[in-house]
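The structure under discussion appears below in the form of structure tokens.
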């Protein structure tokens, strides 16, 4: 990461993922330690698909049967683990639809199979 960077962008571009696969051990823990390189007061925002419903689990299974790059669904607890040691903003790690929703009385909020959170580095 370049010194002075204010934003770090991570992409799901197939070429980026193909390169990452050659670097990371697929059988390893997959931990990435980029947060330590961030300046104090930076924010980490993360949103990922979750294994909280059978339809999503089935969709991921079908995707992985045909996709060149498999997709790993995470539990909400696993997603929360990315924020360990950081100052997690309210409402914490929740379904993406429920993270600071609009205050409209007409909106019906339902959970989606994607959890997210935002945290600040110490």
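Numbering (this note's numbering), first residue to last: 3 to 124.
Glycine included, C-beta positions come from ideal geometry on N, C-alpha and C.
- For residue 62, there is no enclosing beta strand (DSSP E); the enclosing alpha helix (DSSP H) covers residues 56-68.
- Fewer than three Cβ pairs drawn from the stretch 54-66 and the stretch 82-90 lie within less than 8 Å of each other, which leaves the two stretches out of contact.
- Bridge pairing for residue 121: 46 and 90 [DSSP].
- Assigned with DSSP and collapsed to three states, residue 114 falls in coil, not helix or strand.
- For the 7 Å CB-CB criterion, residue 120 and residue 99 do not form a contact.
- Per DSSP, the unbroken alpha helix (DSSP H) holding residue 78 starts and ends at 78-83.
- Rounded to whole angstroms, the Cβ separation of residue 43 and residue 123 is 6 Å, and the two are in contact under 8 Å.
- Short of 7 Å from the beta carbon of residue 77, and not among the five residues preceding or following it, lie these beta carbons of its own chain, in chain order: 52 and 53.
- Within the same chain, 81, 84, 118 and 119 come within 7 Å of residue 48 by CB-CB distance, once the 5 residues on both sides are set aside.
- Under the three-state reduction of DSSP output, residue 95 falls in the coil class, being neither helix nor strand.
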